[in-house]
Each structure stands twice: as structure tokens, then as C-alpha cells.
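One structure is given here, and the rest of the page talks about it.
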Amino acid sequence: MKKEEFYDTNYNPEDIEVDPRFIICEKEMKLVLSIQILFTIICVVIAYTLGKGDPSNYSYIMGFPAWWFGVIAISVIFTVIVIYIVKFKLVDMSLTDDVSEEKDAVKEK
Amino acid sequence: MSYEVSTSSRIAIIITFAVYSIGMIAIGLYSKKSMDRTAVEKYVDEFYTGGRGMGALVVAMMVAASLCSAGTFLGGPGLAYSVGLTWVMAGFSQIFMNFTVLGEIGKKVGIVARRVNAQSYLDLFVSRYNNNKFIGIFGVLSIILFLGSYVVAQFVGGARLFESMTGLSYTFGLVLFAGLVLITAALGGIKGVATAIVFQGIVMTISVITLFIATLNHLGPLQAVYKEIISMDPSVVTPWTWTPKYQFSMWVVYGLVYIGLPHGAMATLTYKDTKSMHKAIIMGVIFVLVWTLALIWTGSLGRFMFPDLKVADQIIPSIAIKVLPPWLAGLTLAGVAGAIQSTVGSMVIIISSTFVRNAYQSMINPKADSKTLKKVTIISTVIICVGIFVLSINPPDALQFMITFAIGGLGASFFWPLLLGVYWKRANEYGAAAGMVGGMATYILGAGNYLPISMGMNATVIALIVSGLLTVCVSMATPKPPKGIIMTWFGKSYPKVVSEQ
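Set out below in C-alpha cells:
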């Protein structure tokens, strides 16, 4: 590519054909970010709701203060969710741009 | 010092730690042999990204162990001891660090890094942002200064622990720590560090599980323990010790900004293929879950065993010596050492790659040949290790300043320019530069209490808001990034060769 084309800033970005792998990467990024945000909100809400009030009045589940048990349970549940997402939702793809691999550049699971 | 260590215990601890150290030396020498066999032209690539051939376990550990340092093993439990379960809860936000780092940018960075031959974390910024000199210099300086300070703090913490558990001198501990890192990093490059990290991660895991089980065994039924702690100090057991707003901000710091930390994101440059990367996520999540759960929780339970500990950071070694036989307590020491050295090893590689690629090769001597680069790589890595050692002997006060701002500052400054750079075509060098400076400055102003802008939260939140706004607005107000760069970072076909006109 000629230098002046490389450094051109007056092109239309929409004209660039996006690599299908990158479209998938962006979807996955949004999924991952959403999971972490969801995990954050749920933990904070559960902890601060169940944990209200005087600690000497706490109820206990399996030896832990109820709110603390809640946080641990949510963490374990989300760990399972994350493992599920990685195994079944994240897509394998080729990391190189070999022409011969273009046809199966994106491998469905 | 609040725990007494008998002489026989000391000896057992020293022997266990010596075995660990010998293991590390063996790894370093083995990796050196591998690097010695590498062709000169490929030396720098092999040194910094291992030829991009790393498998799942290595990648998993590299993310997890690099990010989990003395903070997870000493400082975190220390805070759990003094602040209580509300801090432990915040610690849980880091469990999915492998998922967020690799899942958010891992694959795209893996593809683009191969297109542009990125060998350092900063290479990504330099490539995406048009070789912008300001970004290059800002990046080099902030990485070297902040990560360098952080490394010194890690060494100091580790050496102090070594001194109190073994009875040997602080300086000897420093020499040992620095020497082990030097052998693995300077001689073996990232392969040495990565292999060491796997070994350290395993030691960390075994020591953590042992300590946790022994502690629970020692304590008996937990409900009674919690009731007792509540009668001493209820704030240790309720989440409301921190406001929900502050707790949320801590989840932002420990859960969201990790891609902004060079040593955590480094693994995206090195993994072999997406299958390995996916496995690395799962493995990494489980490791971090185990370490965080066991250690930080144990720290808070320590309140029951040692109600009046003067230095909270000593809670883990105190518990170890109390509930474990001496040779297993030595394993705990090895675990802490492993956590520190794994983080330090990664940071040394980052500092070195940043200097060699983004300062030396791009600004000082662009025409350097492979032989020169090989020499510069080895020499600069050695100098970095030695320099850190020297600073750790008698750390200057200014260091504390740098350390406090290291992780928050770097994270707040790099997060948006990286995430937006990877996924938003319109992000340009001016926006990124503004976002980096704005994020760093806001964080320092807020965290240092120079300006009352934190709004009752960790300063990272306001810093991220400022950085994000700047990156977006300044990008939109200035010209688009060059077509060639956007094609490389977003396009199906991209310009492999740019002809000089």
C-alpha cells in the first residue's frame, strides 16, 4: 500500500470490510463485561441486604453469617456460569491470516 | 514481632525455602539453555513473547500469578484482619480476572499482535495510535516508574517476611529474592519467568490449601468463631463497615480495570491458540478462586486467633506458624515468595520489553541489528534487577508515593485507551493521549487527596470516568486515525507492506 493511502484520514471507516473474527471478539467482549458487571451488582445487593442490622442478630447458614454465605454461593454459581460460557459460548478461531485457512477462519463449536 | 519462632522451627523453615529456591535456580538455568540455543534474529521475540507458543497452564498462571502478589498473600489478608469481611468480599471481585483479561481482549489482541509483531504491551498502543511519540514516552515513563516502584515494594515486603520467619538477615533475603528473579528473567526471558510462574503457582496453591485446611481444623465450628469476633468487634463481620458506594468502587478497581495493567495483559501476546486461551481462562479462574477464598478469608478469621496483632500484614505468617508444623510453615513462606517473585518476574519482563522495544529500539537506536538487540535485552534486564535490588536495601520515601498510585494510576490511565482502541474505529492518538494523562492525573489528585473528587469512593472510579470522557471526546474532535491502521486493527485484509514515496 502506498504511504499516502496508509496515512489518509479522509476515508470512510464504514468502507473497510471488517474481519468476521473481530465481530465475534467484540460480541464476546460485551458478554464478558456484562457477566462481570452482573456479578458485581448481584453480590453487592445481596450482601448489603442480607447483611443489614446488628451483627449480633445475624442468622447463620452452615456456620457462616447469612450474607457471607450468600456472597460465597453467588461466587460459586458465577464460577459455574463462567466455565459454561467459556466451554460453550466462546468461539475458537485462527490467530493468523493464512489465505489457505480463510475458509475455516472461524470454527464453530 | 508478634510470633515467636523457635530455632528448630527456623531451621525447618529455612530448609523448605531452600528446596524451593533450588527449584527456581534449576528452572532459570534450564531456560537459559533454551535461550542460548535460539537464533540471534529471533532472540528478542523469544525473550519477550516466547515465540507465541505458550500453552494453557502457563498462560493461566501468567495472568493469575502475575496479578496476585504480596497483596493477595500478605496485604490483602492483613486488611481482611483489620477491616473484616467487607474487604474479603471486595477481594472476590478479582476471581474472574482471567476471564475478563483474556475474554475481553485476548483473541483480538492475539490476532493483531501477530499482524504487527507486538512484543511488548506498549507496542499495542504504539501500533494502534500511529507511533505517537507522546504516548510512547508517557507509556515508557509511567510503566518504568510505577511498575518499578511496585516491584521494590514487593521485594521489601518479601524480604521482611523472610527475615522474620527464618531469622536470617533482611539483606540476605533481598539478595536471594533478587538473585532468583535475575536468574529466571534475565537469563531465561519470558520462558524462564513463565516456567517459574507455573512452579510458583503450584507452590502457592499447595501452601494456601494446606494453610486453609489447618486453620479450619484449628478453629473448629465457625459459627462460634464468628460470634466471638462479633463480640470483640462487630465491624469485622458486617458488610456495612464500607458504604455500598465504596464497596462498588472497590469492585471496579479489582474487577474491571485489569486489562489496563501491563503485567496481567502480557499473556495476550504469548498464548499459542484459542483452545489454550480458553482452557487458560477456566484454569485461571479456579486458581484465583482458591487463592482468594482461602487466603483472604483466613486473614479475617485470624482476628479470632490473634485479637491484638500490631502489624496486620503479619497475620498469614502468624497463622502459619501457629497451625502448621514448621516445614509446612516454610511452605507458606515459599508460597508468599512465589506470589511475589511471579509478579516481579512478569513486571521485570514488562519493564525490560518497554525499555528495549519502546525506548531503545524506537527512539534511541532504530537501526539496531539483532546482535545488538540481544545484548541490550540481556543487559537492560540485568540492570533492572540490580537497580531494584539496590533501591530495596534502603527504600527512599518517594517510593511510597509511587507505590500507592502504581496500580490504580496505571489501570485508570491505560484501560479506556486500550479497550476503545481495540474495539472503536474512531479512537485516535489524540484521544488516547488525553485519556491516558487525564486518567493518571485524576487518579493521583483523587487518591492523594489533593482534590476532593473521589465522592466517597476509590479514586479509580472518577479517574476512569474522566479518562473515558477525554478519550471519546478528544477523538471525535480530532481527525480520524490513519486508514492503514484501522485496516490492520479491524479489517479483513490489511496492508502488509507500506511503500515509501
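Line by line, the protein sequences are chains C and V. Position in the first sequence (first residue = 1) + 16 = our numbering. Position in the second sequence (first residue = 1) + 10 = our numbering. Ideal Cβ positions, reconstructed from N, Cα and C, are used throughout, including at glycine.
| Asked | Found |
| --- | --- |
| Cβ pair count under 8 Å reaching 3, the region 255-265 of chain V against the region 341-348 of chain V | no |
| Within chain V, partners of Gly-79(C) - CB distance below 9 Å | Pro-231, Leu-232, Gln-233, Ala-234, Val-235, Tyr-236 |
| For Tyr-281(V) and Thr-498(V), the rounded distance between their alpha carbons | 20 Å |
| Given 8 Å, three or more beta-carbon pairs between the region 376-383 of chain V and the region 68-80 of chain V | no |
| Touching by the beta-carbon criterion (3+ pairs, under 8 Å), the region 75-88 of chain V and the region 352-363 of chain V | yes |
| C-alpha distance - Trp-307(V) paired with Ala-330(V), whole-angstrom precision | 14 Å |
| Same chain only: Cβ atoms within 6 Å of Lys-42(V), ignoring 5 sequence neighbours per side | Leu-197, Gly-198 |
| Nearest to Ser-402(V) (by Cα), restricted to the options Tyr-58(V), Tyr-139(V), Ala-169(V) | Ala-169(V) |
| Extent of the continuous alpha helix (DSSP H) to which Asp-323(V) belongs | Careful: Asp-323(V) lies outside any alpha helix (DSSP H) and carries neither H nor E. |
| Any 3 or more C-beta pairs closer than 8 Å across the region 182-189 of chain V and the region 154-172 of chain V | yes |
| Per-residue burial, Cys-483(V) [other beta carbons within 10 Å of its own, 16 or more giving buried] | exposed |
| Where the alpha helix (DSSP H) through Cys-78(V) begins and ends | Looking at the DSSP string, Cys-78(V) is not in any alpha helix (DSSP H), and its letter there is neither H nor E. |
| Span of the alpha helix (DSSP H) around Ser-352(V) | 336-363 |
| As assigned by DSSP and simplified to three states, the class of Met-17(C) | coil |
| Same chain, Cβ closer than 6 Å to Ile-24(V), neighbours up to 5 away in sequence not counted | Thr-176 |
| Spatial distance of Glu-238(V) from Met-287(V) (CA atoms) | 45 Å |
| For Arg-64(V), the three-state DSSP class (helix, strand or coil) | Here residue 64(V) turns out to be Met, not Arg, going by the sequence shown. Three-state DSSP puts Met-64(V) in a strand. |
| Below-8 Å beta-carbon distance, Phe-22(C) vs any chain V residue | yes |
| Residues of the region 99-122 of chain V whose Cβ lies closer than 8 Å to any Cβ of chain C, in chain order | Met-99, Phe-102, Ser-103, Ile-105, Phe-106, Phe-109, Thr-110, Gly-113, Glu-114, Ile-115, Lys-117, Lys-118, Gly-120, Ile-121 |
| Contact set between Lys-285(V) and chain C, taken where Cβ atoms lie within less than 9 Å | Asp-108 |
| Members of the region 481-505 of chain V that neighbour chain C once the beta carbon cut-off is set at 9 Å | Pro-489, Lys-490, Pro-491, Pro-492, Lys-493, Gly-494, Ile-495, Ile-496, Met-497, Trp-499, Phe-500, Gly-501, Lys-502, Ser-503, Tyr-504, Pro-505 |
| Beta-carbon proximity check, Met-107(V) vs Tyr-268(V), cutoff 8 Å | yes |
| Cβ-based contacts, 7 Å cut-off: residues of the region 23-49 of chain C near chain V | Tyr-23, Asp-24, Thr-25, Tyr-27, Pro-29, Ile-32, Glu-33, Val-34, Asp-35, Arg-37, Phe-38, Cys-41, Glu-42, Glu-44, Met-45, Val-48, Leu-49 |
| Cβ-heavy atom distance, Ser-103(V) to the ligand ZN, below 7 Å | Ligands are entirely absent from the displayed structure, and the ligand ZN is therefore not among its contents. |
| Of the residues Asp-243(V), Lys-502(V), Phe-135(V), the one placed nearest Asp-318(V), counting alpha carbons only | Asp-243(V) |
| Chain C contacts made by the region 343-372 of chain V, where a contact means CB separation under 9 Å | none |
| Cross-chain neighbours of Pro-249(V) in chain C, by beta carbon under 8 Å | Ala-63, Tyr-64, Gly-67, Trp-83 |
| Other residues of its chain near Asp-113(C): CB distance less than 6 Å, five sequence neighbours each side excluded | none |
| Outcome for Glu-510(V) when other beta-carbon atoms lying within 10 angstroms are tallied against a minimum of 16 | exposed |
| Within-8 Å CB hit, Leu-54(C) to chain V | no |
| Spatial neighbours of Gly-494(V) in its chain, beta-carbon cut-off 6 Å, leaving aside the 5 residues before and after | Pro-505 |
| Straight-line gap, Ser-503(V) to Val-150(V) (C-alpha atoms, nearest Å) | 31 Å |
| Within-8 Å CB hit, Lys-119(C) to chain V | Confidence at Lys-119(C) is low in this model, with a pLDDT of 45, below 50, so the placement of that residue should be treated as unreliable; the coordinate-derived value is given next. No - not a single Cβ of chain V is within 8 Å of the one on Lys-119(C). |
| Exposure of Arg-138(V), with buried meaning 16 or more beta-carbon neighbours within 10 Å | buried |
| Nearest-angstrom beta carbon gap, Arg-124(V) and Leu-106(C) [assumed within contact, 8 Å] | With a Cβ gap of about 19 Å, Leu-106(C) and Arg-124(V) do not count as contacting. |
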